[in-house]
Every structure is written in structure tokens, then in C-alpha cells.
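Below: the structure, in C-alpha cells.
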Amino acid sequence: MPRLIFTLIICIACSVSSLPPLAADSVIHPDDKASLVKLRSPSTDPRGSLSSWNGSNCSSWAGVSCNKATGRVVALDLFSFGLVGSLPLSLCKLPLIRTVILSKNAFSGVIPPCFGRLHALETLDLGCNHLRGPLPTQLARLCRLKKLLLSDNPSFGGKIPEWIGNFSSALSKLELSSNSLEGQIPVSLYDLGSLRELDLSDNRLVGILKDFSQPLISLNLASNQLSGTLPCFWASSNSLSVLNLAGNDIVGAVPTCISSLRALTLLNLSSNGFEFSISPRLIFSDRLLVLDLSSNALSGPVPRGIVKYSARSALLLLNLSNNQFSGEIPLEITELRSLLGLFLSHNQLTGDIPAAIGNLTYLQALDLSHNSLSGQIPISLAGCFQLWQLKLSHNNLSGTLRPELDALDSLRILDLAGNRISGEIPLPLAGCKSLEVIDLSSNNIAGELSGAILKWQNLRLLSLAGNKLSGVLPDWIFSFQYLRSLDLSDNKLFGYIPGCDFNVSSDFNGDEHDLLFHGGSLTGENAFVWGMLDFKGSRQLELHYELTSAVGIDLAGNSLHGEIPQGLIGLKGLEYLNLSHNHLVGRIPASLERMGKLRRLDLSHNSLTGSVPMGISQLRELETLNLSYNCLTGQVPKREEGLLRFPGAFAGNPGLCVESGVRECEGKASKLPAGNAAGGSGGYLVEEGWMSVGAFWVSAAASFYVSSMGFLCSQKVRNYVFQTLKQEF
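Laid out in C-alpha cells, this is it:
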């Protein structure tokens with residue numbers, strides 16, 4: 014069953030930079046022109062993005078800005094021009110350049126030390142490339158630098174030098190995120206008075222987090238190994254808008270002084286070691302847009318007063334999941350009318366889902382899963398008409414699906430698994446035509462699979478496992494174009510597996526151009542919801558989801574019979590197939606070798622016959638194989654390289670010989686009476702070998718004794734037998 018995980022992405026890295034307007038129609042200086050044309054070589058510009066660099070008119074040179082009076086190049090913006098190779102040394106010969114933006118290209122190698130000679134430089138953006146090495150010490154000469162952006166260069170490592178906070182008294186923005194930096198945050202950065210925006214996230218920084226003495230606007234230190242307790246950031250009480258410390262080792266309680274950050278719009282303290290209950294005095298300003306305290310050890314009741322005035326709140330997202338909160342869901346949360354996402358999963362919440370939750374008319378994603386909530390699903394949820402994710406799985410909810418939920422025509426994800434919901438499907442959900450992910454597994458849903466399910470034309474995942482469904486498996490069950498995962502296991506379905514419509518799903522057939530993910534999860538974490546908050550533009554939160562489940566079909570634990578359809582075994586895109594614990598007969602189709610992406614195959618506990626297809630040994634991606642407890646015959650040489658990884662995969666097939674060599678199987682077969690090497694008449698086959706003659710006669714004598722005693726001691730049996738004999742005579 015899918016597990017939906019929320020991730021917040023702050024959309025600030027590798028953004029398109031804009032240059033200040035400069036005078037047009039200036040003639041480029043010949044020295045600067047000579048330096049720039051060296052970038053136009055095919056080895057640096059394979060896409061020909063610099064083909065406009067002809068003539069002497071500066072305005073016709075893409076990404077180049079010049080001073081009108083002198084013709085000197087003052088700005089170079091080659092963002093996402095598709096440039097490759099080493100950073101050109103010729104750029105060091107542009108003495109008056111103030112802005113260099115080379116981000117989102119494919120430059121590699123080290124930063125040339127000669128960049129330290131660009132004394133007029135104010136902005137240096139080399140983010141989203143493939144640069145490596147530490148910061149060259151020569152950059153410390155750039156005393157006018159205001160912005161240094163080197164994010165998203167995964168091989169760019171080493172320690173952050175101490176001079177980083179001393180070389181320029183004008184440095185206001187420093188971005189070194191998503192690199193391989195290590196060590197501690199330099200002390201000089203904590204005291205750099207000009208610094209306003211600092212992003213060191215997604216590195217390997219360690220040490221105790223200290224307070225900053227300057228009025229920061231944005232601080233992102235997420236995904237490091239910083240420790241200690243949370244500072245109050247007193248110097249930034251009127252300026253700090255973004256504080257992201259997620260994914261560190263910060264411990265202790267969440268201090269109430271954090272609520273004194275009056276300009277705060279985003280606070281992300283998720284995935285740390287915070288504990289204890291949240292103080293009722295922790296109340297944030299109405300400017301707060303995102304509050305994420307998930308994946309900590311916070312306990313006590315869910316805080317009632319998130320913001321000072323609920324009616325004026327601008328809060329878009331509240332994530333308190335994966336903690337130890339207990340008690341009921343407070344009604345005050347339902348007064349946060351601006352909420353787009355509410356995540357309270359994996360806690361210890363009890364009681365009913367508040368009916369007032371229908372007041373959240375802007376709500377798009379609701380996750381209350383993995384709690385101990387009880388009662389029925391409130392019909393007031395129909396008031397959340399923009400809802401596209403409803404996840405209430407693994408609670409104690411009961412009752413039937415109410416027809417009012419039919420109004421949720423924007424619903425794409427419905428996960429009610431692991432409850433006690435009864436009734437039939439899909440009648441109450443027939444109007445939810447946008448549904449893509451449906452998990453109703455482990456409930457008490459009964460009845461037959463109705464053709465109304467065909468209204469869900471965008472279906473990508475359907476799990477009805479562990480219910481009480483009955484009837485035959487319908488012919489249309491595989492006819493969904495976007496279907497990626499189907500799980501109908503552990504029900505009471507019977508009949509044949511339909512042998513048609515296998516070519517409809519592009520995922521099942523392994524069409525690469527239609528697959529967003531390859532090698533999906535086989536462990537249950539099959540999807541995640543993510544939000545993007547754009548701080549550069551509208552400051553709106555956009556919620557999205559991606560399905561990462563493995564491509565597969567699970568029909569195990571039913572009463573299906575007949576043969577395995579050839580088309581099912583030939584699906585090249587399947588990553589798992591489970592048909593175990595049914596009544597299937599016939600041979601395993603030889604087309605199995607075409608399933609090159611298959612990672613898990615379970616055909617155990619059926620009545621399959623014939624030999625093991627030798628193509629199984631060619632499935633290089635196969636991780637789990639189970640063909641046990643069938644009626645397979647023949648030999649399975651262990652010398653087949655692909656089969657050595659699956660001990661026990663062939664148990665319970667007495668006609669199979671699994672040996673290290675063919676001669677051993679032949680020798681074993683030669684000891685049996687003629688015609689019995691494959692389990693024919695004349696002998697009695699058990700799992701470990703042939704039954705001895707003595708054991709057979711002991712069994713026969715015991716059976717005769719029991720039958721005789723039954724005949725002599727039972728009056729009804731004697732009367733029935735003798736009456737039959739009299740009629741025959």
C-alpha cells in the first residue's frame with residue numbers, strides 16, 4: 014500500500030537572474046570582444062547559443078551588457094546556455110565586469126584563481142554546474158562582492174574558509190547549498206554585518222548552531238549535521254522571513270522566543286530531535302505561511318493557538334506529522350481558513366474527525382493517517398471542494414463511504430487503508446472521476462467489482478487487498494491506460510484471469526517515454542506529496558504528488574483458476590507479479606524471459622505443472638523468486654547462474670530435482686522404477702524423496718484397520734452397504 018510522504022521545496026536555487034538595465038547600442042571594447050569570442054568555440058558552446066556574438070554592437074551579443082561610454086563589458090549573463098568544459102580563463106581579462114552569471118550550465122573543473130583579479134565584481138553566480146575543489150583563496154581579493162552563489166555543484170567540497178566572512182564588507186548573499194562542504198560554519202559568518210541571505214543547506218556541516226548577530230532575512234541550514242539547541246535569533250526579530258533548519262540534530266524544546274520573529278513567513282524545523290510539548294505561548298504572527306515541525310519527538314496535545322488571530326491568518330501549510338502528539342484534533346485548526354495542506358499523520362491522535370473540517374474550503378491535501386481516530390468519515394468533507402488528496406489510512410474509522418463524498422470531483426488520491434470501512438465500491442465514489450490513486454485495502458468492503466470503476470479513466474494505482482470482495486475478475490480490470498499498480502490480493506475472487514487488454518497500460522508494457530520513475534519502491538513507500546513555495550514571485554504554495562510505486566500486479570490469496578495468460582507474463586514493464594495462493598494450472602509461459610525489469614515473482618501455492626522456464630535465469634533484475642508448492646517437474650541445475658540466489662524457491666515440488674549437476678539428477682532418477690522419474694505410477698513421491706516400501710505397507714495396514722473398525726462399529730454404515738447390495742440382487 015502506498016505511503017505518501019510530504020516534502021517542502023523552497024524554490025530559490027538556480028533561479029533566473031536579471032541584470033540591471035544598461036544603455037543599448039554601445040560598441041563593445043575590442044579587448045573585451047577578443048576575450049569573449051574564445052567562449053564561442055564548439056568545445057565550449059556545442060549548442061551554438063553564442064552564435065549572435067558577431068559584429069561590434071554590444072546589444073546584439075546575447076547575455077552581454079556594456080557601458081555605453083567606454084564599451085567595456087560590465088555584465089555577462091549566460092544562465093542555461095548549455096556551455097560545457099572548464100571555466101574560460103579569458104573571462105579574467107574583463108577588468109570592469111561587475112556581474113558574472115554562468116549558472117545552470119555544465120562547466121567542470123575548478124574555479125580559476127585568476128577570478129580574484131576581477132576587482133569590480135559584485136555578483137558571481139556559478140551555481141548548478143559540475144565544479145569541484147575548495148574555494149580558491151584568491152577570491153578573498155574580491156572586496157566589492159555582494160553576491161556569491163555556488164550552489165548545486167555536488168563535487169565542490171572542502172571546508173568553508175574562515176576568510177569568507179571577512180573579505181568583503183558588502184557581501185549580502187551567500188549560497189553554497191547542495192555541495193560537499195564539511196567542517197563547521199566559520200565564526201566570521203556569524204558576525205558579518207552585511208549578510209542578509211545565507212544558504213548552506215544540503216552539505217555535511219557539523220558543530221553547534223550559534224546565534225547570528227546580524228539582521229538576517231533568510232537562513233537555510235537544512236540537511237546538515239548541526240547540533241545544539243535552537244537559538245532565538247534576536248538580531249533578526251524584525252527581518253527574518255525564512256528559517257529552515259530541517260534535517261539536523263538540534264534538540265530540546267522549541268523555545269517560545271521563536272514566536273518573536275515577527276516577519277517570519279516560513280519556519281521549517283522538521284527532522285530534528287525536538288521533544289517535549291509545545292508551549293501555549295508559542296503563537297506566531299499572521300504573516301506565517303508555512304509551519305513544519307514534522308519528524309521530531311514533540312508530545313502533548315496539538316497546539317490550539319498556531320497564530321494570534323485565526324481569522325486573519327495567512328497560513329498555507331501546517332505539518333505536525335511523525336511526532337507523538339496525543340488527544341483530539343483541536344477545533345481551532347479548523348478556523349485556519351487559508352490552509353492548503355494539513356498534515357497530522359503518524360501521531361497518537363484520538364476521537365472523531367471534527368465536522369468543522371469542512372470549513373477549510375481551500376484545503377487541497379489532508380493527511381490524518383496512522384493515528385487512532387474513530388467514528389465515521391464526516392460528510393462535511395464534501396465542503397473541501399478543492400481537496401485532491403484525502404489520506405485517512407490506519408485509523409479506527411468505521412461505517413460506509415457516504416454518497417456526499419461524490420462531490421469531491423477534484424480528488425486524485427484517496428487512501429483509507431487499514432480501517433473498518435464497509436459497504437461496496439465504487440458507487441459512493443462514482444462521481445470522483447479525477448481519482449488516480451485509490452487504496453482501500455484492509456477494510457471490510459464486500460460485493461463484486463462494478464463496471465462503474467471504469468469512470469476512473471486516470472487510474473494509476475488501485476489497491477483493494479485484504480477485503481471481502483467476491484465474484485469473477487472482470488475482463489476490463491487491466492484496461493486502464495495509466496495503470497501502474499494493481500493489488501486485489503486476499504479477497505474471495507474466483508474465475509479466470511482475463512487474457513485481454515494487457516497492451517493498454519504503457520507502464521505495464523515498459524514504454525520508457527511514459528515512465529516518470531524507474532525502479533519503484535517494493536517496500537510500501539510508494540508515493541510522496543511535495544510542496545513548492547516560491548519566495549521570488551507570488552509567494553504561493555503549490556502542492557503536487559509523484560507516484561513512485563513499483564509497477565506490478567498482485568492477485569494472490571484468491572480462488573482464481575485456469576492457466577496464466579500468455580499476455581500477462583509477457584508484460585515487459587512489470588517489476589513485481591504475485592499470483593500465489595490460487596488454483597492456477599498449466600505451464601508457466603516461456604515468455605517469462607521477456608520481463609527484463611521483473612524484481613519479484615511469486616507463483617507459489619498453485620497447481621502449476623511442467624518444467625521451470627530456463628529464461629528465469631536471464632532475469633538479471635530479479636530479487637525474489639518463489640515457485641514453491643506446485644507440481645513442477647524436471648531438473649533445475651544450480652549451475653544456472655541466475656538461480657543460485659533463490660534458496661527455497663522450488664520447495665514443495667516433489668517432481669523437481671535441484672542439484673549441482675545434471676548427472677546427479679539422472680542418477681537419482683535411475684534409482685526409481687521405469688516411468689517414475691517424473692512422478693508417474695509405480696511409486697509414491699514425497700517432498701524429500703520416494704516413500705519406502707515398508708512405510709507404504711504400514712500406511713496401507715493402518716488405513717484398512719480404520720476402515721474395518723468404521724464398518725463394524727457403525728450401524729448406519731452397515732445398513733447403507735447391505736441395503737445397496739440387496740437392491741443390486
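Counting along the sequence shown from 1, when you hit position 457 you're at 470 in the working numbering, and nothing is skipped either side. No residue lacks a Cβ here, since even glycine has one placed at the ideal position from N, Cα and C. For clarity, every value in this text was computed on a predicted model and none was experimentally measured.
Test item: CB-CB of residue i and residue j under 7 Å
i    : j    : result
L357 : Y375 : no
I601 : P578 : no
P228 : S249 : yes
L144 : F169 : yes
L355 : L331 : yes
L155 : L189 : no
A368 : S351 : no
W469 : L482 : no
G523 : G586 : yes
T112 : A88  : yes
L100 : P59  : no
Boundaries of the alpha helix (DSSP H) in which residue i is found, first to last residue
i    : result
S201 : V200 to Y203
G580 : Q579 to I582
S48  : P43 to L49
CB contact check: residue i to chain D, cutoff 7 Å
i    : result
G444 : Of the protein chains in the structure, only one exists, and it is not chain D.
Outcome for residue i when other beta-carbon atoms lying within 10 angstroms are tallied against a minimum of 16
i    : result
P13  : In the structure displayed, the chain extends from 14 to 742; residue 13 sits before or after that span and is not available.
W247 : exposed
H132 : exposed
A75  : exposed
G396 : buried
R488 : The amino acid occupying residue 488 in the given sequence is Asp; Arg does not appear at that position. With fewer than 16 other Cβ atoms within 10 Å, it is exposed.
N192 : buried
P55  : exposed
L232 : buried
E559 : exposed
K404 : buried
Residue i to residue j span [Cα, whole Å]
i    : j    : result
S454 : S312 : 30 Å
G388 : I342 : 13 Å
G583 : S502 : 21 Å
L656 : T150 : 57 Å
R130 : P108 : 8 Å
V485 : S630 : 34 Å
Y495 : L556 : 21 Å
K223 : G171 : 21 Å
E461 : L506 : 8 Å
P293 : P316 : 7 Å
L187 : L134 : 15 Å
L148 : T637 : 47 Å
W703 : G668 : Because W703 sits at a pLDDT of 42, beneath the cut-off of 50, its placement in the model cannot be relied upon, and the following sentence gives the value as read from the coordinates. Roughly 10 Å separates the two Cα atoms.
L554 : A378 : 12 Å
N251 : P439 : 53 Å
Extent of the continuous beta strand (DSSP E) to which residue i belongs
i    : result
K186 : K186 to E188
S378 : One point to set straight first is that residue 378 is Ala, not Ser, in the sequence displayed. Taken as a continuous stretch (DSSP letters only), the beta strand (DSSP E) holding A378 covers A378 to D380.
N233 : S231 to N233
T136 : T136 to D138
S483 : K481 to V485
E195 : S193 to Q197
G575 : S572 to E576
I566 : G565 to D567
G68  : Unbroken run through G68: none, as it is neither H nor E.
Contact set for residue i: own chain, Cβ-Cβ below 6 Å, skip 5 residues either direction
i    : result
V719 : Any answer about V719 is weak, because its pLDDT of 48 lies below 50 and its placement is not dependable; what the coordinates show is given next. For V719, where only same-chain residues beyond five positions count, there are no Cβ hits under 6 Å.
C445 : L421 and L424
I296 : S272, G318 and K321
G412 : Q389
G178 : P199, S201, L202 and L205
S476 : M14, D452, S454 and D500
D567 : D500, S502 and N591
P314 : G340
N166 : N142, L144 and N192
G570 : S502, D503 and H594
V40  : S69 and G84
Spatial neighbours of residue i in its chain, beta-carbon cut-off 7 Å, leaving aside the 5 residues before and after
i    : result
S766 : In the structure as shown, the chain starts at 14 and stops at 742, and residue 766 therefore has no counterpart that could be examined.
A47  : none
K684 : Residue placement at K684 is poorly supported in this model, since its pLDDT is 44, which falls under 50; the coordinates still yield a value, given next. Excluding sequence neighbours, K684 sits near nothing in its chain.
Beta-carbon contacts of residue i that lie in its chain and below 8 Å, excluding the five residues immediately before and after
i    : result
V823 : Absent from the model: residue 823. The displayed extent of the chain is 14 to 742, so no value can be given.
A235 : S214, D215, N257, L258, A259, G260, N261 and N281
G479 : S454, S455, N456, S502, D503 and N504
F663 : V625, L640, S641, L645, V649, L669 and V671
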